[in-house]
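Let me begin by presenting the structure, written as structure tokens, before commenting on it.
Protein chains: 2
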Amino acid sequence: MTNLAALTAELPDGTVVTDPDILASYRQDRAFDPDAGTPLAVVRPRRTEEVQTVLRWASANGVPVVPRGQGTGLSGGATAVDGGIVLSTEKMLDITVDPVTRTAVAQPGLLNSEVKKAVAEHGLWYPPDPSSFEICSIGGNIATNAGGLCCVKYGVTTDYVLGLQVVLADGTAVRLGGPRLKDVAGLSLTKLFVGSEGTLGVVTEVTLRLLPPQHTPCTVVASFDSVRSAADAVLAITAKIRPAMLEFMDSVAINAVEDKLKMGLDRGAAAMMVAASDERGANGAEDAEFMATVFTESGATEVFSTADPDEGEAFVAARRFAIPAVEAKGSLLLEDVGVPLSALADLVAGIEKMAADTGLMISVIAHAGDGNTHPLIVYNPADAAETERAQKAFGDIMDLAVGLGGTITGEHGVGRLKKPWLPGYLGPEAMELNRRIKNALDPAGILNPGAIL
Amino acid sequence: MTNLAALTAELPDGTVVTDPDILASYRQDRAFDPDAGTPLAVVRPRRTEEVQTVLRWASANGVPVVPRGQGTGLSGGATAVDGGIVLSTEKMLDITVDPVTRTAVAQPGLLNSEVKKAVAEHGLWYPPDPSSFEICSIGGNIATNAGGLCCVKYGVTTDYVLGLQVVLADGTAVRLGGPRLKDVAGLSLTKLFVGSEGTLGVVTEVTLRLLPPQHTPCTVVASFDSVRSAADAVLAITAKIRPAMLEFMDSVAINAVEDKLKMGLDRGAAAMMVAASDERGANGAEDAEFMATVFTESGATEVFSTADPDEGEAFVAARRFAIPAVEAKGSLLLEDVGVPLSALADLVAGIEKMAADTGLMISVIAHAGDGNTHPLIVYNPADAAETERAQKAFGDIMDLAVGLGGTITGEHGVGRLKKPWLPGYLGPEAMELNRRIKNALDPAGILNPGAIL
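Note that the protein sequences, when read in sequence, are chains Z and A.
At position 381 of the first sequence (counting the first as 1) the number is 381 in our numbering, and the numbers step up by one without a gap.
To convert, take the position in the second sequence, counting from 1, and add 1000; that gives our numbering.
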């Protein structure tokens, strides 16, 4: 504790927190890792220099540091470790927007929604939109290379990161990239840090690329009596146009949402698609009509189109509400496996069979246009046998996805929960390459130990 | 030579070439580095396993390996070194296209234009379009993270690379990523290899993301009597819409092109812009009209719009022809500095002043919408004093760009020609980080020694 006192003394008052109740609230992120440790302290710096102080101190004292954004991660990437520091970026909230270069320089603690709002005030748009955009931090988005609904057209977080300031394990601050739309000077280190889940350094500032504002979308909703028909429609649509959203909900999700929102969804449907085009003017309506036609020709039992933004948003909100709605049925293990588009129907069919075989409720919602699914495994934690079946299903779904040419994680990250499946997915050569990079940047292994590797 | 005989024996007949005339033709790429060495051999493998054989042999014997695509690089990234191997991917030409997942798996030796053609046969589009697309290889594009004309809207090479197979310095083959649109399992190593200029491994296969076909563009051409007016128009356009092309030519380029093509360009203009929108239907015409209005309001002296694809392509071809046209005036040092968009006019003004002060002919063409310029320094290599002035200007332009918040290379790479300027641009911390990664992946430094670092 003498050592911690030295750190406390070096930082502004209140930066280092050791109150046990507060520490307890920083043990887990939304993955609720049961193996979470209790940190020595939570440190909430405001400036890059303070992050450097923390990491210099941690390196000198061999103390592990777990970087944390808003703690909304779903893979245990911010699970605290015993005797370590949780370095929370929640007080790093500055943002400046340059409308001329269409870039923003933001600190990592800002919510994704706060970034969107700040740039919108300058008539600009930051596209990536994880469903959790109102509660997740931009720093966490960078750590996981977060996706979202509009990513099918607009790409993921890394596509909008032009530059970073990162603090390395030894406390060195490094600037990578910057407000230049093209820059190939040196290795692509900016891109390496995006998605590194706090294992290579702590991001203290990001330069984001922004777009002109999105046009009001036209939305198409369709119900299907078979998952395969919905999946066929996804392929037919993405072969021809670039929808701004192409979301899937299965029967369990439809009913769970309808239980709560009572908006008249078709409870008998096997699948529902929520699609949108944000093309300007007549093109948006034309795309919506094309998607409606494809849905019908693929066997949709009901198709509804609207150019009214509020009406459209209601369906998007229903899709976003699927996770909390299914969560009302029990505790969730939240998956995010992805497959090549052609394997989407097989993946969902395999999960349905798994649910039937195990008696578990498993709902599948998906960013269908990306082949990125969120199987939601419902279980009762008080029921030990069911919990075990759920945990087995969590792994079996990853194995199923990998067997279909897919990945164990499309947008949530490996964190600690998915770590056991990473070697099987990547293979020994790519695992070794991950380790070499980690060792080169954090030889003492103090940064987020136990995450990814 | 005994050692080389061992390599020759391990590879199919004809793979290892030692004919001195052939070796001479592999000494330089289009940077024509005067310090190029003479390789021990040129090796032209066809398969990943053969590349592994080469690298295992090279590692065992401490022989440097310079990977080479079609040798069209402009920064000396494929300059041969004395006693080394040039590993040419020119015979690695397989491609398979999967229209269902909208991906292609290609070997690195294919020309960019061949990739475009192969995927077009399946109704798909590979966007990145360096001006050299008909002569540069896709492997070289990956090595430099190449840009191009449509990148202002569609992004650069890395945005289309979903997966790679790479062979490391020790001969290990590693698969990274694959045909999944989202995948965050493990560190972002695919992205790390893109733009690594052959210093971290040899790319033997790439999985490319493809888009539905581009719509026929509407093209707008405008002449200006001041560079600043043209630059102002760039900012006004990109703040509101996403053009598919926004190209700039200065007075020198306009006149050089007109000398050759005699297409009636305005020889008196200080700048010419060639812009395009590929939005569908009426939106394309609307965007073109918007751009024409902005050009006029920014002070254009002449504005011409066309929805005729052949007429539009003639202007794009004129822009693409600028480099050979200026090259007809003398030898070229071809720059590719980039700046934040707001500094574009200052960069061009600074270069014009440099030309006036030194008496050199320097033409500036630019992917203006990206802030990425190609200053072309014309000199007579037989005139030692002029050559020296040109070489000094080459460096001065990079210093000027960096002083304006820009980069020393937007899309050509550092190679060997720009290496002296990299430390000043990146700073000691980022340089050290580059070195750490290089050392972690190629500890003996046999891969493209002398490039980047």
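Note that beta-carbon positions come from the ideal geometry of N, C-alpha and C, so glycine has one too.
Please list, in chain order, the chain A residues whose beta carbon lies closer than 8 Å to that of Z/Asn439. Taking a Cβ-Cβ cut-off of 8 Å, the neighbours of Z/Asn439 in chain A comprise Ala1440, given in sequence order.
Where Z/Asp183 meets chain A, residues with beta-carbon distance less than 8 Å: In chain order: Gly1338, Thr1407, Thr1409 and Gly1410.
Extent of the continuous beta strand (DSSP E) to which Z/Phe224 belongs: Where Z/Phe224 is concerned, the enclosing beta strand (DSSP E) stretches over Cys218 to Phe224.
I need the boundaries of the beta strand (DSSP E) containing Z/Ile446, first residue and last residue. Run containing Z/Ile446: none; DSSP gives neither H nor E here.
Using 8 Å for Cβ pairs, my map puts A/Leu1332 next to A/Leu1376. What's the rounded Cβ distance? Confirmed, Cβ separation roughly 5 Å.
Would you say A/Gly1171 reaches chain Z, if we count a Cβ-Cβ gap shorter than 8 Å as a contact? No, no contact with chain Z.
Tell me whether Z/Asp310 sits in a helix, a strand or coil according to DSSP, three-state version. In the structure shown, the three-state DSSP call for Z/Asp310 is helix.
With respect to the beta strand (DSSP E) encompassing A/Asn1145, which residues constitute its N-terminal and C-terminal limits? Here A/Asn1145 belongs to no beta strand (DSSP E), and DSSP marks it neither H nor E.
Under a three-way DSSP split, which group does Z/Arg209 fall into? Under the three-state reduction of DSSP, Z/Arg209 is assigned to strand.
If distances are taken between C-alpha atoms only, which option among Z/Ala244, Z/Met245 and Z/Ala271 comes closest to Z/Ala256? Looking at Z/Ala244, Z/Met245 and Z/Ala271, the one whose alpha-carbon comes closest to that of Z/Ala256 is Z/Ala271.
Give me the subset of the segment 279 to 294 of chain Z whose CB atoms are less than 8 Å from a CB atom of chain A, sorted by chain position. Those residues of the segment 279 to 294 of chain Z placed with their C-beta closer than 8 Å to a C-beta in chain A are Glu279, Arg280, Gly281, Ala282, Asn283 and Glu286, ordered along the chain.
Inter-residue spacing [alpha-carbon to alpha-carbon] between Z/Asp35 and Z/Arg27: Note on geometry: alpha-carbon atoms of Z/Asp35 and Z/Arg27 lie some 10 Å from one another.
Just the C-alpha distance for Z/Gly77 and Z/Ala384, rounded to the nearest angstrom, thanks. Using only the alpha carbons, I get a separation of about 25 Å.
The beta strand (DSSP E) spanning Z/Asn380 covers which residue range? Premise fails: Z/Asn380 is in no beta strand (DSSP E) and is neither H nor E.
Check the DSSP bridge columns for A/Leu1004 and list the partner residues they point to. None; A/Leu1004 has no bridge partner.
Taking a contact to mean a Cβ-Cβ separation below 8 Å, would you say Z/Ile138 touches Z/Leu110 in this structure? Yes. Within cutoff.
Select from A/Val1326, A/Leu1093, A/Thr1144 and A/Thr1373 the residue whose C-alpha is nearest the C-alpha of Z/Asp186. First, the residue type needs correcting, since residue 186 of chain Z is Gly and not Asp in the sequence shown. Selected option, being the one with the closest Cα: A/Thr1144.
Look at A/Val1166 and A/Phe1133 and say whether their C-beta atoms are less than 8 Å apart. No, Cβ-Cβ distance for A/Val1166 and A/Phe1133 is not below 8 Å.
Report the option in A/Val1054, A/Glu1049, A/Gly1445 and A/Cys1136 whose CA atom is closest to the CA atom of A/Ile1043. According to the sequence shown, residue 1043 of chain A is Val rather than Ile. Among A/Val1054, A/Glu1049, A/Gly1445 and A/Cys1136, the Cα nearest to that of A/Val1043 is on A/Val1054.
Looking only at its own chain, which residues have a Cβ that is under 8 Å from the Cβ of Z/Glu121, when we skip the five neighbours before and after it? Closer than 8 Å at Cβ, skipping near neighbours: Val97.
Does the distance from the CB of A/Arg1242 to the CB of A/Lys1153 come in under 8 Å? Yes, they are a contact pair.
Identity of the residues DSSP links to Z/Met272 by a beta bridge: Bridge partners of Z/Met272: Z/Ser223 and Z/Met249.
Nearest neighbour of A/Ile1085, chosen from A/Pro1039, A/Glu1049 and A/Trp1057 [CA to CA]: Nearest Cα to A/Ile1085 within the set A/Pro1039, A/Glu1049 and A/Trp1057: A/Pro1039.
Since Z/Ala169 and Z/Gln52 are thought to touch, with beta carbons under 8 Å apart, how far apart are those beta carbons, to the nearest angstrom? Wrong, their Cβ atoms sit about 11 Å apart, outside the cutoff.
Please tell me whether Z/Val174 has its Cβ less than 8 Å away from any Cβ of chain A. So, interface residue.
Below-8 Å beta-carbon distance, A/Val1065 vs any chain Z residue: For A/Val1065, the answer is no, since every Cβ of chain Z falls outside 8 Å of its Cβ.
Would you give the residue range spanned by the alpha helix (DSSP H) that A/Gly1395 belongs to? That run of the alpha helix (DSSP H) goes Ala1384 to Gly1403.
For A/Val1414, would you say it is in contact with chain Z, using Cβ-to-Cβ distances shorter than 8 Å as the test? By this cut-off, A/Val1414 is an interface position.
Does Z/Ser25 pass the burial test, meaning 16 or more other C-beta atoms within 10 Å, or should it be called exposed? Around the beta carbon of Z/Ser25, a 10 Å sphere encloses fewer than 16 other beta carbons of the protein chains shown; the residue is thus reported as exposed.
Collapsed DSSP secondary structure at Z/Val166 in the structure displayed: Three-state DSSP puts Z/Val166 in a strand.
Taking only beta-carbon positions, decide if A/Leu1110 is within less than 8 Å of chain Z. Not one beta carbon of chain Z lies nearer than 8 Å to the beta carbon of A/Leu1110.
By the 10 Å Cβ neighbour count, where 16 or more other Cβ atoms means buried, how is Z/Lys262 classified, buried or exposed? Exposed.
Residues near A/Ser1113 by beta carbon distance below 6 Å, same chain, minus five either side: If we look at A/Ser1113 and ignore the five residues flanking it on each side, its Cβ neighbours are Phe1133 and Glu1134.
Closer than 9 Å, Cβ to any Cβ of chain Z: which residues of the segment 1127 to 1159 of chain A, in chain order? Only those residues of the segment 1127 to 1159 of chain A whose C-beta falls short of 9 Å from the nearest C-beta of chain Z are listed: Thr1144, Asn1145, Ala1146, Gly1147, Cys1151, Val1152, Gly1155, Val1156, Thr1158 and Asp1159.
Tell me whether the beta-carbon of A/Ile1446 lies closer than 8 Å to the beta-carbon of A/Ser1188. Cβ distance not < 8 Å, so A/Ile1446 and A/Ser1188 don't count as in contact.
What in chain A is Cβ-close to Z/Pro99, meaning under 8 Å? Annotation: Cβ neighbours of Z/Pro99 in chain A (cutoff 8 Å, chain order): Ala1239.
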